[in-house]
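Q:
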Amino acid sequence: MENIILGLSTALLPMNLLACLGGVILGTAIGVIPGIGAMAAIALILPLTFSLDPTTGIVMLAGVYYGAEYGGSTASILLNLPGTPSNAITCLDGYPMAQQGRAGVALFITTIASFVGGSIGIVVLTLLTPVIVDVAVAFGPAEYFALILLCFVAVSAIGALDVRKNIAMILIGGLVSTVGIDLYDGSYRYTFGRDELIDGLSLVPVAMGLFGLSEIILSVRNGGTRAKQSITLRSMLPTREDWRRMGLPMLRGAGFGCIFGPLPGTGPSVAALTSYATERRVSKEPHEFGQGRVEGIAGPEASNNAAVQTAFIPTLSLGIPGTPTMAIMIGALMIHGVVPGPMLVQNEPALFWGLVMSFWIGNLLLLVLNIPLISVWVALLNIPYRLLYPSIIVLICIGSYSISNSTFDVGLMLGFGVLGYVLRRQGFAPAPLLIGFVLTPMLEENLRRGWLMGRGDPLYFASSPMAAIVLLMCFALGGLALAGPALRRRRARRLNDIPNPGGHA
Amino acid sequence: MTMKSLTLGIAVGAVLTATSALADYPERAVTIIVPFSAGGNTDSIARIAAEHLSDELGRPVVVENRGGGGGTIGSAMVAKADADGYTLLFGTTGTHNVNPRLREVDYDPIADFTPISAGVVSSVLIVANPEVQADTLADLMTLTASDAGAAMNFSSGGVGTVAHVAGELYNQKTGSHLLHIPYGGAGEAMNDLVAGRVQLNMNNVPAFLSHIESGAVKPLAIAAEKRSKLLPDVPTTAEQGLNGFVMGSWYGLMGPKGLPENVVQILFDAMATLDEDATVVERYKALGLEAAPSESPAAFADFIAAGYVWWGETLDNPVFKE
Amino acid sequence: MNRMARYATWITLALLGAAAFIMALRFGWGRGPQIGSAPLPAALSAGVVIVSVLGLLVPERGEVLPPDWRPFGAVVGGVVIFILSVEALGLVPATVLCMAVAYLGQSERRYAGFLTYAVCFAAGVWVVFTQGLGLPVPAFGG
C-alpha cells in the first residue's frame, strides 16, 4: 500500500504528469503514422529525454511506448496497415468492420479493451511482480518450446478456407524468417551476399507490404469500396449486442496478456495470437471471424495491452528484455544511470512505483484523449479514396525507409506487397504468413537451445512437469484439429453459399 | 604524367580543398554514426560521449543510428564518407576487430579509417551461477576440467561475440569442454544464467553489474592486466593462475581515412578530457564502465591494429568456423 | 483463365520451394548436440513443395479475382519511383512523384487539383518526418 502511495506521489508530480501526458500524445500521434511503430517511436524520442530527470524521462518513454501501441491499432483498423504482429491480429476483424462503416465502433472497442487489458496488467504488475519474476526465470527452452508449439497448433486454424493455402503461407513465413545470420553456427541463410539481409528481415516491411500495399492495389479499382462512415456520436458507440459480446473476450484476453507478457521469450504478439485463436475456437460462429467480429478485436487488444504492461516485469526487475522495444527501454534506463535488474525495486523505489502508477495514469489519459479523437480518425476515412491512397503509399514508403534509413526496406516492402497481391487474388490469406514469420524463429531458437542443453536427448523437452503438460495439450489440440475436418466439412456444406471476401483470415 | 603522380595530384587537391574548408572546424553540427540500433551498449556509450563533445567543441554533436549487419553497414558508410570531420564513427571491437576476421566486409578496418581516440575499454568478467561449486577461478578451472565440467554450459549473445570467444578461449586454455549456448543478445542470455540452466558467462562488466549486486551471479575473475576500480574485490585471471587470458571490448571515435590533421587534433583534444568530465564518469560508472581516452591518435591506431592481429589469431580456431 | 492462374501460382511456389531447399542443403547440418542451420529451412521448403504439389493435384473451390493491371502498375510504379528518387532528389520531390504516379491507378484525371494536394502533403511529410522525427533525408537534393 505504501508503495502505491509512494508511486502515486511520484507519478503525480507536475513534471512527471506532464511527461506522461506528452509521452502518450506523442506516442499516439507517432503510432498512428503507418510504419512507425512503438519501437521506432521510442528510438526517435529517446534523445529528447536525455536532459530530463531519470524518472521523468522513463515515464515519458513508457508513455510513448504504450501510446504508440495504441495508435498502431488505429492505423490497422482504418487502413489495414499493421506495424506489429499484435496489430496485424487487430487488422483481421478491425479492418472489415471499418469497411462495413463501423470504424468508429471498432476504435471505441479498441480503446475500451486496451484500457481494461492495461488496467488488469497494471494490477498484476503491482501485486504479483515477485511471484512472476520467479515463474519467468523458471521458464527454460523446454517450457518455451512447448508453449510456442501450443500457440502454433492453436493458431493454425486462422486464415483462408483452404487448409493447403494456410499451410503454404505458414511455411513461407517460416522460411522468410530464417533469412539472416544464424544465431547458432553463424552461417548465412538466404542472404545472397547482401549486408542488409544479415540481421534478417524486419517485420514492418513484411507486414506493411503483405497487408497494406496489397490491400491498396486490390481496392483502387473500386475506389476503396467501403460504406460511408457516419461520424455522429451515436454511431460510434457499440450496440448493446457488441457490449455483451466483448465482455468475456476482454477478460480472457487480459488473462493471456498477463501470462505471456512477463515471459521474455513470448511477449505481446504471442498473447494477442493466442487470444484471437481462443475466441475463434470458443465462438459458435468461427467462420465469421475475419469478417468483422467484435470478439476478434476486443480479446487481442486487451491481451496485447495487458502484455505490454506486464512485459515491464522482466525488463525492470531482471534486466531481461522480452522484445526489441524493451531492449531500447533498458538502454534508455542505462543512459540515465539507472540499471534495471533485481536491485532496481530496492534501490529506486520511487522510480519503480512511480513508473507503475504512471502507467495507470497514462492509460486513463489515453482513454480520455482518444474517445474524442475517434471521430477525427473516422472522418479521415471519408476523404475520397483517390486522394487517400497515394498519401498512404507515401507513408508506407517513408515508414519502411525509416527502419534503417535505406531504400532496401522499401524495396522489400514492395516485394511483399506484390507477393501479397498475387496470392490474395487467389484466395490466400496474409495472416498465416505473418504468424509463421513471428513464431518460427522462437520455435527454432528454443528447440535448438533445448537440444544443446539436453545434450541431444529429445526427452529434455518433457523433463519438467510444466513442459510435459503443455506438450500433452499440443497433442490433444492437434488430434482435435485432425479429427476436425470431418466436422468442419459438414458445417461447410451448410454454409456453402457464404462467400469468403478477399480471403481475409 | 604517370598514373601515380596523377593520383597524388588529386589527393593533394582534395586535401587542399578540405583544409581550406576546415580552417575553423567545426563550423556546423558534427554527426557521429553509431553502427547499431538506438538503446544498445554502443549507443549509450556514444551518446554520453557525444554530449561531452558538444560541450567541448561548442557545436552540436549528433548521434545517428545506422544499425544492421552487426555494425558493418554503418562502418562501411563512414569509410566511404567525405573526410571533412562532419561524419564520424563510433567503432567497436566488433566492427574493427572481430567481424572483418569472420567474414567479408565492405571496408578495411585499418586502412579506411582515421582513428581519433578510444572512449571506453571494458574487460571481460567471468561470472558463475551461485550454485556452481567454485568460489575462485582456481576451483572453477579444476571443476570444469573434470568430468562434471562436460555437463556445464556457457552462454553468449551470439557466434563471434566477445562472450563466445572468451568461453572458447577458456576451454582451450584450461582443457575444459564447456558447451556454448548462444542467445539473441547479452540480456537474453541472463535468464538461463540466473536460473542455473547455464552455469557460466564471460562478458563485459556492464552485462552483469546489477546481478552481481543482487547476488544472482557471482564474479570469479576479471580478464584484465589489473583489477577494475568498479569491482576492486574481483581478482584478475593472471592472479589466479590463468595466463594469456586478457580480453575485452573497446568503443572509440574515428573518421574516414584522410581526415585532416588539425581536425583529428581538435577532436582528440575534446575526447582526451572525457575522463575528467564528472557527468561522463558518473554515467559510465552506472553502466559499469570507465572512460579511457587514448594517449594519442597514433596510440589508438596501434591499439586497433594490435587488436586486429590478436583477434585474427584467436579466431583462427576450428570452433569458430561452423 | 482461372485454372491457368491457379496452376501458375502453385507451380511458382513449388519452384521457389525447391530452390530454397537446394540452397538449404548447403547450410550447416550441425554436429553432436548442435542442430545445424540447415534442417529447419530444408524442412520448411520441402513442406512448401509438398503442399504446392497437393495444390496442383487436388482441385480447389473458390474464385480467383481478375487481375487489375492499372492499379497494380500505378502502385508498384509509385513505390519504385520513390525508391529511385528519395535519396537522389530529396523527400519532397520523391513524395510528389510517388503520389503522382500512384494517382494514375484510378480513372479520374484532375491533375491540377491533385498536384496541389500532393505538394501540400509533401510539405506536411517534410515537417513531420524531417523536422519532427529527425529522418536524415533532405527536403530537396541528395
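Residue numbers (the numbering used here), protein chains in the order written: chain A, 1 to 505; chain B, 1001 to 1322; chain C, 2001 to 2142.
Built from N, CA and C at the ideal position, the CB exists for glycine as well.
(1) CA-CA distance, alanine 1021/B and alanine 1270/B?
(2) Under 8 Å by Cβ, that's how I've got histidine 1177/B and isoleucine 1304/B pegged, so tell me the actual separation to the nearest angstrom.
(3) DSSP puts tyrosine 188/A in a beta bridge; with which residues?
(4) Where does serine 1279/B fall in DSSP's three states?
(5) Consider the Cβ of proline 2136/C: report whether some Cβ of chain B lies at a distance smaller than 8 Å.
(6) Looking only at C-alpha atoms, which of Gly1312/B, Phe1154/B and Asn1041/B sits nearest to serine 1122/B?
(7) Look up threonine 1114/B in the DSSP assignment and say whether it is helix, strand or coil.
(8) When we look at the beta-carbon of cysteine 2150/C and count the other beta-carbons within 10 Å, is it buried (16 or more) or exposed?
(9) Give the interface partners of leucine 61/A over in chain C, defined as CB-CB distance under 7 Å, in chain order.
(10) Quick one: Cα of asparagine 1204/B to Cα of glycine 1158/B, how far?
(11) Show which residues of chain B have a CB atom less than 7 Å away from the CB atom of valine 339/A.
(12) Report the neighbours of tyrosine 2103/C on chain A: residues whose CB is nearer than 9 Å to its CB, in chain order.
(13) If the criterion is Cβ atoms closer than 8 Å, does the pair methionine 466/A and glutamate 215/A meet it?
(14) Going by DSSP, which residues form a beta bridge with glutamate 1064/B?
(15) If distances are taken between C-alpha atoms only, which option among Met334/A, Ile361/A and Trp377/A comes closest to alanine 19/A?
(16) Is there at least one Cβ from chain A nearer than 8 Å to arginine 1197/B's Cβ?
(17) Please work out which residues of its chain come closer than 6 Å, Cβ to Cβ, to asparagine 1171/B, disregarding the five sequence neighbours upstream and downstream, and give them in chain order.
(18) Between Gly420/A, Gly101/A, Cys151/A and Asp457/A, which lies nearest to leucine 273/A when the distance is taken from Cα to Cα?
(19) State the DSSP-derived secondary structure class of alanine 2123/C, mapped to helix, strand or coil.
(20) Mark asparagine 1317/B as exposed unless 16 or more other C-beta atoms lie within 10 angstroms of its C-beta, in which case mark it buried.
(21) Threonine 407/A by DSSP, collapsed to three states: which one?
(22) Would you list the residues sitting across from lysine 1218/B in a DSSP beta bridge?
(23) Would you say glutamate 196/A lies against chain B (beta-carbon separation less than 8 Å)?
(24) Which of the three DSSP states is assigned to methionine 15/A in this structure?
(25) Going along the segment 1094-1113 of chain B in order, which residues come within less than 9 Å of chain A, judged by CB to CB distance?
(26) Can a CB atom of chain C be found closer than 8 Å to the CB of glutamate 1064/B?
(27) Is there a C-beta anywhere in chain B that falls below 8 Å from the one on tyrosine 460/A?
(28) Cα separation between arginine 102/A and methionine 413/A?
(29) Listed from N- to C-terminal order along the chain, which residues in the segment 173-185 of chain A have their beta-carbon within a distance smaller than 9 Å of any beta-carbon of chain B?
(30) Between Phe1268/B, Gln1240/B, Trp1310/B and Glu1131/B, which lies nearest to lysine 1226/B when the distance is taken from Cα to Cα?
(31) Could you spell out the range, first to last residue, of the alpha helix (DSSP H) harbouring serine 219/A?
(32) Please name the residue in Ser1296/B, Ala1298/B and Leu1274/B whose C-alpha comes closest to that of glutamate 1290/B.
(33) What's the C-alpha gap between proline 182/A and glutamate 196/A?
(34) What separation, rounded to the nearest whole angstrom, lies between the Cα atoms of serine 9/A and valine 1124/B?
(35) Considering phenylalanine 1090/B, what are the terminal residues of the beta strand (DSSP E) in which it resides?
(36) Between glycine 209/A and leucine 433/A, what straight-line distance do the alpha-carbon atoms span, to the nearest angstrom?
A: Short version:
(1) To locate residue 1021/B, count along the second sequence from 1; it is residue 21. To locate residue 1270/B, count along the second sequence from 1; it is residue 270. With a pLDDT of only 48 at alanine 1021/B, under 50, the local geometry of the prediction cannot be trusted, and the value read off the model is given with reservation. Rounded to the nearest angstrom, the two C-alpha atoms are 20 Å apart.
(2) In the second sequence, the residue the question calls residue 1177/B occupies position 177. In the second sequence, the residue the question calls residue 1304/B occupies position 304. The Cβ separation is near 33 Å, so there is no contact.
(3) Within the first sequence, numbered from 1, the residue matching residue 188/A stands at position 188. Tyrosine 188/A is bridged to Ile181/A.
(4) Counting from 1 along the second sequence, the entry for residue 1279/B is found at position 279. Sequence check: residue 1279/B is threonine here, not serine. Threonine 1279/B falls in the helix class under three-state DSSP.
(5) Taking the first residue of the third sequence as position 1, residue 2136/C is located at position 136. Yes, contact with chain B.
(6) The sequence position of residue 1122/B within the second sequence is 122, counting from 1. Nearest of Gly1312/B, Phe1154/B and Asn1041/B to serine 1122/B, Cα basis: Asn1041/B.
(7) Looking up residue 1114/B in the second sequence gives position 114. Three-state result, threonine 1114/B: strand.
(8) The question about residue 2150/C has no answer, for chain C in this structure spans 2001 to 2142.
(9) As a working mapping, residue 61/A is identified with position 61 in the first sequence. For leucine 61/A, no chain C residue has a Cβ inside 7 Å of its Cβ, as the nearest lies near 15 Å away.
(10) Counted from its first residue, the second sequence places residue 1204/B at position 204. Counted from its first residue, the second sequence places residue 1158/B at position 158. Taking the straight line joining both Cα atoms gives about 14 Å.
(11) Here residue 339/A corresponds to residue number 339 of the first sequence, with the count starting at 1. In chain order: Leu1209, Ser1210 and Ala1286.
(12) One-based indexing of the third sequence puts residue 2103/C at position 103. By Cβ distance, chain A contributes Arg386, Leu387, Tyr389 and Pro390.
(13) Along the first sequence, read from residue 1 onward, the residue named residue 466/A stands at position 466. Along the first sequence, read from residue 1 onward, the residue named residue 215/A stands at position 215. For methionine 466/A and glutamate 215/A, no; Cβs fall outside 8 Å.
(14) The sequence position of residue 1064/B within the second sequence is 64, counting from 1. In the DSSP output, where bridge partners are listed per residue, glutamate 1064/B has Ile1033/B.
(15) Within the first sequence, residue 19/A is the residue found at index 19, counting from 1. Cα-wise, what sits closest to alanine 19/A is Ile361/A.
(16) Sequence index remark: in the second sequence, residue 1197/B carries index 197 (1-based). Chain A, which has a Cβ nearer than 8 Å to the Cβ of arginine 1197/B, makes this yes.
(17) The residue labelled residue 1171/B in the question sits at position 171 within the second sequence. Hits under 6 Å: Leu1178.
(18) Numbered from 1 along the first sequence, position 273 holds the residue referred to as residue 273/A. The residue among Gly420/A, Gly101/A, Cys151/A and Asp457/A with its C-alpha nearest the C-alpha of leucine 273/A is Cys151/A.
(19) Taking the first residue of the third sequence as position 1, residue 2123/C is located at position 123. Correct three-state label for alanine 2123/C: helix.
(20) In the second sequence, residue 1317/B corresponds to position 317, counting from 1. Exposed is the call here.
(21) To locate residue 407/A, count along the first sequence from 1; it is residue 407. In the structure shown, the three-state DSSP call for threonine 407/A is coil.
(22) Counted from its first residue, the second sequence places residue 1218/B at position 218. Answer is Ala1128/B.
(23) Taking the first residue of the first sequence as 1, we reach residue 196/A at position 196. At least one CB atom of chain B sits nearer than 8 Å to the CB of glutamate 196/A.
(24) Along the first sequence, one-based indexing puts residue 15/A at 15. Here methionine 15/A sits in helix by DSSP.
(25) Close to chain A, meaning a Cβ-Cβ distance shorter than 9 Å, are the following residues of the segment 1094-1113 of chain B: Leu1102, Arg1103, Glu1104, Val1105 and Asp1106.
(26) In the second sequence, the residue the question calls residue 1064/B occupies position 64. True, the Cβ-Cβ gap to chain C drops below 8 Å.
(27) Here residue 460/A is taken as the residue at index 460 of the first sequence, counted from 1. Not closer than 8 Å to any Cβ of chain B, the Cβ of tyrosine 460/A fails to qualify, so no.
(28) Position 102 of the first sequence, counting from 1, holds the residue named residue 102/A. Position 413 of the first sequence, counting from 1, holds the residue named residue 413/A. Each residue's Cα considered, the two are about 29 Å apart.
(29) Those residues of the segment 173-185 of chain A that come within reach of chain B (Cβ to Cβ, closer than 9 Å) are Ile181, Asp182, Leu183, Tyr184 and Asp185.
(30) Within the second sequence, residue 1226/B is the residue found at index 226, counting from 1. Of the listed residues, the one whose Cα sits closest to lysine 1226/B is Gln1240/B.
(31) If you number the first sequence from 1, residue 219/A lands on position 219. Start and end: 214-220.
(32) Locating residue 1290/B in the second sequence gives position 290, counting from the first residue. When each option's Cα is compared against that of glutamate 1290/B, the closest is Leu1274/B.
(33) Here the question's residue 182/A lines up with position 182 in the first sequence. Here the question's residue 196/A lines up with position 196 in the first sequence. First, the residue type needs correcting, since residue 182/A is aspartate and not proline in the sequence shown. Between the C-alpha atoms of aspartate 182/A and glutamate 196/A there is a straight-line separation of about 14 Å.
(34) Your numbering for residue 9/A matches position 9 in the first sequence. Your numbering for residue 1124/B matches position 124 in the second sequence. So the two alpha carbons sit approximately 41 Å from each other.
(35) Taking the second sequence and counting its residues from 1, one reaches residue 1090/B at position 90. Segment 1087-1092, the beta strand (DSSP E) holding phenylalanine 1090/B.
(36) Counted from its first residue, the first sequence places residue 209/A at position 209. Counted from its first residue, the first sequence places residue 433/A at position 433. If I take the Cα positions, the gap works out to 12 Å.
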